Each structure stands twice: as C-alpha cells, then as structure tokens.
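A.B. asks: Under this note's numbering, think of the first position of the sequence shown as -13, with each following residue one higher.
A virtual CB, placed ideally from N, CA and C, is assigned to each residue, including glycine.
Computed from a predicted model, the values in this text were never measured in an experiment.
Questions regarding the structure given below will be posed in turn.
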Amino acid sequence: MAKRPLVVVESPTKVKTIAKYLDGKYVVKASMGHVRDLPKSQLGVDPKKNFKPKYVVTPTKRKILDDLVKAAEKADTLYVATDPDREGEAIGWHLAQELPIQKKNVYRITFNEITERAVRAAFTKPGRIDLKKVDAQQARRVLDRLVGYSLSPLLWDKIQRGLSAGRVQSVAVRLIVDRERAIQAFTPVEYWTLHARLEATVPPEFVATLREVAGEKAALATGSATQALVDSLDGARFVVRNVTRGERKRNPAPPFITSTLQQDAGRKLGFSAKKTMTVAQQLYEGIEVSGEGPVGLITYMRTDSVRVSADAQQEARRWAGERIGAEYVPETLPVYKSRGSAQEAHEAIRPSDVARDPKSMARFLTKDQLALYRLIWERFMASQLMPAVYDTVAADIEATPAANRPPAARTDLAGPATAIFRVQGQTMKFKGFTAVYVESREEDDAAADEDAESAVPALEEGEVLTLLGLDPKQHFTQPPPRYTEASLIKALEELGIGRPSTYASILGTIINDRGYVHRERRTLLPTELGMAVTDKLMPFFGDIMDVTFTAQMEDHLDKVEEGELGWVETVKEFYEPFKRDLARAKKEMGSEKAGVPIGEACP
C-alpha cells in the first residue's frame, strides 16, 4: 500500500477545511500550535554559547506529538501547512526536528485563504521551510525570554512576587502611564466661541461661527470679552462677502489589516483585540456551511499588507456592478500603499469569496462571527468602489457694527470692530463607497463630523442677512484622551512597536494577566501597580522602556527575516548593555515591597 503524505496544520477546524479539498490523498493532522518551546522552569537560553536555546516538548503537547510521530512513520513526505507567518514557520521547523521524516522530504506550503483554489495551488508549488523566518521568530523568543526571566525576579525582590516585565509590554504600559500623568498634570484653559443664527431671503436658517475680529483671528478668552463683542454687534449689519462653491471627494479606506480590523471591531462592535482575533481565526479556518462542509470565509487575519489579488478585485467589481450599479465601479483597479515594513507576500483581510455576502451567510454564523464578517466584507467591498462626492459651500459674512456701538474685544481700536463669521456646508452628491460601508473614528476625533451633511441656503455675495441671535459658548481645552484598545493599537503601529501577530497578546498581557492596566468602560487606565513598576524600571532600563529603541528592535527582527542580519548578533547587540543595566539595577534599585496595591486603578 502506497504511503500517503502527511499534512500538518495548527487546528482541527483547519484540518477539516483542508482535508475536504485533498480527496483523501493526504493524511491531515493538527499540531495544536507549537509542540516545542523553551522550558518554563528555567531560562532555557545559554548566553555563553551564542544564546543557544534549549527546546523541550511542551508537556501538554506530548500526546499530540506522539500521534504525529505515528502518522509520520506511515508517511514518506511531510507538508507543513501552518499559518503563513513567523510563528507558523517556527511551528513547522520544530515539527520537522521531531518527526521521523527525512529533511529532503519536508516541504512548506502556504496560502492566504483556505479555499479549494488556494489549497490546490499551494500543493503545485511546494517550497522549503524559510529558515530566515525561523531565525526571526527565534530571535524574538530568545529576546523576550532573556528580558522576562531577568526582570521578573528583580521585580519580585523589589516590589512583590508574581510581577513580570516584558520587552514590548513594558513600553505599552509606559505609554498608558505617560498619558495618565499628562491628564493629571493638565490645566484647562477657558475660551469662548460666538455663533450667529442667521436668515437669508430663502430658507433654511443657518448658523455661522466667528472667525475674525478687526482683521485678526478671533480669540475670546473670557465671558466678559465675549459679551462685550456681543453688545458691540447689537444692530450690526450682516452681509455676505465671499461665497465659494466646490466639490469634495472622500476616498474609501484600504481593506483591513490586523491593526485596523482590531481598531474598527473595538469601536463598532465593542470587541477586545483578543476577541477580534479569536473570531477572525474561526472565520479563516472554516465555518460549517450547509451542503458544503467547512468553508474558509476570510483571508489570513495576521497581516500588515493592504495588497489585494487581481482575482479578488475583479470578483468585487462584478458583484458591485450587478448588485449596486456600474456607476459605483471605478474604471481602474484601486491601488493602496502598505507601510514600509509590510509583508507584501500577504494580502489584506478580505472575504475569500465576495459572493458569500453577510446576508447569505447569516444563518451559518454566530452573532459575533456575523458581526465581524459583515465588517470585513463591507470594508473590502467599499475599498473597491468609487469615492463619495459632496457639493460644498463656504461663505464669509461681514458683521459691521452700528457707528454708535462701543468697541469690543480689541482695546486698541478707536471704534467698534468689524467681525467676520463663516458658514460651511455640504450635501452628498454621490454615495460612492458609503453605499456599503462607513469608516468609524474615535469619539474624540474632530474629523468625526467632516462627512455630516449640513444645509446652507443659496447665498449670494452682497446679500444682506437677518440676525436672529448671537449665541456665545464657553469651552475649556481638553486633556489628551485616555487610550482605548483601538487607539493604543493605532499608537503602537504608528510607533513601530509590535507586529500584526503581537498586538492582541500585548494588550491581553498588560490588561488581563498582569494587573498593570485597568479597563474602565472603553478606556485604559494604569493601576498603581502598573505605575510603580514603570517608575522602577525607567531609571535603570532606558532602552527597554524607550519607544524608539523598541521600534528599532522590531526593524532588526524584520532584517533577520530578510537575511540582512543574523539572529545571534541581533540578540547579542541587545543583551550586552541589558546585562549591565540589570547588574546596576540589582545593586541600586530601592525596595518598595510594602504598600503597593494590586491591580487598583489610579484615582
């Protein structure tokens, strides 16, 4: 009997989805993630021997590995079909070390979506395990182990047992601590705005906002100054001076990458980053569809690339042309630019088949799965459609006080000051991509209103308006907002900290596992413990706590993957100064074992 090749993936769901495309010609098994790792009971890294890692079979995976070994003994070829990223590559490498199959018969296959087309195509062009990717993952794992297993005992000794610090998590906590201290140190400053309710010869009534007084930008610092200006404008003549009409286009956002999916799912669905990735993994690996078995509904969800295959773009164009209208389909294929560090071998997160729209899939999905799938499907479809178009109008309105009115706001003026008010409005001319999707924004984002429609009457230059009232409004400058999970992920990405596979784990660690950060509704606050740990680490571990340094380490790991740096030299470059910092901290760091509350939010 001929031996059937062995295919190994991570999960049982993925096994079912892939196996149905392989016609029984392959044995498909799941490793359930990593089967080997560094030992928990010891450092597991030898700095004196080029940081050689000591890998052991994970105790909970021994039975799984034994099963894989038995399957491998009946096979002559191994296909590693784990996820297409560093972790997937490393899982495959560890499997190849443990399974009794000759290395020349070990192949690597990858696909960005679990569809029949993608899976069959992968088997036509098998490659080899990418050792540079394995090196990059190994470098990250060794770095994180060196930092975690060195700093944690230090914190146990100086603050309390059970604490930990990490190479990336500590920077994330610092961002939250720094933001909280900026909020605490913030002093609000009073300012006022003035709004004129006006009526033209044709409806509707509208509101214009003060922009200038006596040729200078309006700056109303007090209520008394504002009231003086209001008094000076009693009986003023309001005349339209400039009217500008135009058109504004708003382009759709690119399809999702990991970070933007986590941000939008947080804002729109209230999902944590961890929940977003858990549900996305389910959609990627396969959902049971009546009459078809398990079907992978989306592409791989750990990606920083906005690239989309030409086939997927054409499918989206066909669907839009048939269902929405040809006028919504652009003449040329949209092109989006990824960040410089993006892995362009990956695609953006998109539906594997746009014909499986959310409505048709609803009966096969849980509430959470459907909500996330709808978000992904709509965002992708929108990214392939025409811009939204708005007709815009802006008008300057000159308010000239009566000659007998007192001066206001400017004490150096001999007489009453002319004021300029401005009104801006827009109406949607063409829905474009908003026919299927509206991008969310942070609640504190001033741009949130930029697409709201606001009607302005057909004003003409020289037209005299009727003043219905002047409404002064008091304001105070606002402190920087606390981070939400969405805005923290955005900050980490913009700062170059972490990668698509790490955002959810970073947040999960600092919020749920360590008690350094407390979630209050949607916002993130540091606990007293989180602030204490940050304050202890900052004077001694400037590099680890530094945003720029952490981002540079991420770049170095990328260069290891690209073959530009060796993993050992990368770890060594980090470890030598870290070892000196650690020795100084052990000697000089003061102890605060008493009086540090566990996990309580800062007042």
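1) Distance, Cα to Cα, residue 380 vs residue 454?
2) Report the three-state DSSP secondary structure of residue 312 (helix, strand or coil).
3) By how many angstroms is the C-alpha of residue 229 removed from the C-alpha of residue 377?
4) With 16 as the cutoff for other CB atoms within 10 Å, does residue 520 come out buried or exposed?
5) Thinking C-alpha only, which one of 17, 62, 149 and 269 is nearest residue 496?
6) Please state if the CB of residue 12 and the CB of residue 105 are separated by a distance shorter than 7 Å.
7) Which residue marks the beginning of the alpha helix (DSSP H) containing residue 376, and which one marks its end?
8) Which class does residue 509 belong to by DSSP, given the choice of helix, strand or coil?
9) Quick check on this structure: which residue in 115, 311, 249 and 550 has the alpha carbon closest to the alpha carbon of residue 477?
10) Which of the three DSSP states, helix, strand or coil, is assigned to residue 371?
11) Buried or exposed: which applies to residue 15, given that a residue is buried once 16 or more other Cβ atoms fall within 10 Å of its Cβ?
12) Would you tell me roughly how many angstroms separate the C-alpha atoms of residue 362 and residue 494, rounded to the nearest one?
13) Report the CB separation of residue 462 from residue 70 in whole angstroms; it is logged as a contact under 8 Å.
14) Tell me the rounded alpha-carbon separation between residue 534 and residue 551.
15) Confirm, please, whether the CB-CB distance from residue 67 to residue -5 is below 7 Å.
16) Considering residue 469, what are the terminal residues of the alpha helix (DSSP H) in which it resides?
17) Roughly how many angstroms lie between the CA atoms of residue 517 and residue 23, to the nearest whole one?
18) From what residue to what residue does the beta strand (DSSP E) around residue 177 run?
19) From residue 9 to residue 348, what distance separates their C-alpha atoms?
20) Which term fits residue 569, buried or exposed, when burial requires 16 or more other beta carbons within 10 angstroms of its beta carbon?
21) Find the nearest neighbour of residue 540 within the set 129, 283 and 62, judged by alpha-carbon distance.
22) With which residues is residue 65 paired in a DSSP beta bridge?
23) Could you give the C-beta distance for residue 367 and residue 423, rounded to a whole number, given that I count them as a contact under 8 Å?
24) Name the two residues that bound the continuous alpha helix (DSSP H) containing residue 535.
25) Quick check on residue 227: does DSSP put it in helix, strand or coil?
26) Run through DSSP, which three-state label would residue 364 get?
27) Rounding to the nearest angstrom, what Cα-Cα distance links residue 360 and residue 238 in this structure?
28) When the Cβ atoms of the stretch 37 to 51 are set against those of the stretch 316 to 324, are three or more pairs found closer than 8 Å?
29) Which same chain residues end up closer than 7 Å to residue 457 when comparing Cβ atoms and leaving out the 5 residues on each side of it in sequence?
30) Let me confirm a value: residue 271 is counted as buried when at least 16 other C-beta atoms fall within 10 Å, else exposed. Which label applies?
31) By Cβ distance, which residues of its chain are closer than 6 Å to residue 305, with the 5 residues on each side in sequence left out?
32) Mark residue 147 as exposed unless 16 or more other C-beta atoms lie within 10 angstroms of its C-beta, in which case mark it buried.
33) Alpha carbon to alpha carbon, how far is residue 538 from residue 303? Give it in angstroms, no decimals.
34) DSSP has residue 460 in a bridge; who is on the other side?
35) Where residue 433 and residue 208 are concerned, what is the direct C-alpha to C-alpha distance, given to the nearest angstrom?
36) Whose C-beta lies closer than 8 Å to the C-beta of residue 57 among residues of the same chain, with five residues either side of it excluded?
C.D. replies: Reading off the structure:
1) Taking the sequence shown and counting its residues from 1, the one referred to as residue 380 is at position 394. Taking the sequence shown and counting its residues from 1, the one referred to as residue 454 is at position 468. Rounded to the nearest angstrom, the two C-alpha atoms are 20 Å apart.
2) The residue given as residue 312 occupies position 326 in the sequence shown. Three-state DSSP puts residue 312 in a helix.
3) Counted from its first residue, the sequence shown places residue 377 at position 391. Counted from its first residue, the sequence shown places residue 229 at position 243. Cα-Cα distance, rounded: 13 Å.
4) Here residue 520 refers to the residue found at position 534 of the sequence shown. Label assigned to residue 520: buried.
5) Along the sequence shown, read from residue 1 onward, the residue named residue 496 stands at position 510. For the residues 17, 62, 149 and 269, the minimum Cα distance to residue 496 belongs to 149.
6) For the purposes of this step, residue 105 is taken as the residue at position 119 of the sequence shown. For the purposes of this step, residue 12 is taken as the residue at position 26 of the sequence shown. It is not a contact, given that the beta carbons lie outside the stated cut-off.
7) Taking the first residue of the sequence shown as position 1, residue 376 is located at position 390. No alpha helix (DSSP H) holds residue 376; the beta strand (DSSP E) holding it covers 374 to 386.
8) Reading the sequence shown from its first residue, position 523 is the one you call residue 509. Strand.
9) Mapped onto the sequence shown, residue 477 falls at position 491. Checking every option, the nearest Cα to that of residue 477 belongs to 249.
10) Taking the sequence shown and counting its residues from 1, the one referred to as residue 371 is at position 385. Here residue 371 sits in coil by DSSP.
11) Within the sequence shown, the letter at position 29 stands for residue 15. It counts as buried.
12) Stepping through the sequence shown from its first residue, residue 362 is reached at position 376. Stepping through the sequence shown from its first residue, residue 494 is reached at position 508. Roughly 23 Å separates the two Cα atoms.
13) Within the sequence shown, the letter at position 476 stands for residue 462. Within the sequence shown, the letter at position 84 stands for residue 70. About 50 Å separates the two Cβ atoms, so there is no contact after all.
14) For the purposes of this step, residue 534 is taken as residue 548 along the sequence shown, with counting starting at 1. For the purposes of this step, residue 551 is taken as residue 565 along the sequence shown, with counting starting at 1. Residue 534 and residue 551: Cα-Cα distance of roughly 19 Å.
15) Walking along the sequence shown from the start, residue -5 turns up at place 9. Walking along the sequence shown from the start, residue 67 turns up at place 81. Closer than 7 Å, so yes.
16) Walking along the sequence shown from the start, residue 469 turns up at place 483. From DSSP, residue 469 is part of no alpha helix (DSSP H); its letter is neither H nor E.
17) Residue numbering aside, residue 517 sits at position 531 when the sequence shown is read from its first letter. Residue numbering aside, residue 23 sits at position 37 when the sequence shown is read from its first letter. So the two alpha carbons sit approximately 31 Å from each other.
18) On the sequence shown, residue 177 is found 191 positions in, with the first residue counted as 1. Segment 176 to 185, the beta strand (DSSP E) holding residue 177.
19) In the sequence shown, counting from the first residue as 1, residue 9 sits at position 23. In the sequence shown, counting from the first residue as 1, residue 348 sits at position 362. Roughly 29 Å separates the two Cα atoms.
20) The count along the sequence shown starts at 1 and reaches residue 569 at position 583. The residue is exposed, with fewer than 16 neighbouring Cβ atoms inside 10 Å.
21) Locating residue 540 in the sequence shown gives position 554, where the first residue counts as 1. Comparing Cα positions, the closest option is 129.
22) By one-based count along the sequence shown, residue 65 stands at place 79. Paired residues: -7 and 93.
23) Along the sequence shown, read from residue 1 onward, the residue named residue 367 stands at position 381. Along the sequence shown, read from residue 1 onward, the residue named residue 423 stands at position 437. Going by Cβ atoms, the distance from residue 367 to residue 423 rounds to 7 Å, so yes, they are a contact pair.
24) As a working mapping, residue 535 is identified with position 549 in the sequence shown. Residues 533 to 547.
25) As a first step, residue 227 is located in the sequence shown; it is residue number 241 there, counting from the start. Note: residue 227 maps to strand in three-state DSSP.
26) Taking the first residue of the sequence shown as position 1, residue 364 is located at position 378. Looking at residue 364 - three-state DSSP - the assignment turns out to be helix.
27) Translated into the one-based positions of the sequence shown, residue 360 becomes position 374. Translated into the one-based positions of the sequence shown, residue 238 becomes position 252. Spanning the two alpha carbons is a distance of roughly 16 Å.
28) no
29) Here residue 457 refers to the residue found at position 471 of the sequence shown. Once the five neighbours on either side are set aside, the close Cβ partners of residue 457 are 181 and 183.
30) As a working note, residue 271 is residue 285 in the sequence shown. Buried, because 16 or more other Cβ atoms sit within 10 Å of the Cβ of residue 271.
31) Counting from one through the sequence shown, the residue named residue 305 turns up at place 319. Correct list, in chain order: 340.
32) For this step, residue 147 is matched to residue 161 along the sequence shown. Per the 10 Å Cβ criterion, exposed.
33) The count along the sequence shown starts at 1 and reaches residue 303 at position 317. The count along the sequence shown starts at 1 and reaches residue 538 at position 552. Between residue 303 and residue 538, the C-alpha separation is close to 40 Å.
34) Indexing the sequence shown from 1 puts residue 460 at position 474. Residue 460 is bridged to 178.
35) Here the question's residue 433 lines up with position 447 in the sequence shown. Here the question's residue 208 lines up with position 222 in the sequence shown. Residue placement at residue 433 is poorly supported in this model, since its pLDDT is 47, which falls under 50; the coordinates still yield a value, given next. Rounded to the nearest angstrom, the two C-alpha atoms are 27 Å apart.
36) As a first step, residue 57 must be located in the sequence shown, where it is residue number 71. Once the five neighbours on either side are set aside, the close Cβ partners of residue 57 are -8, 13 and 15.
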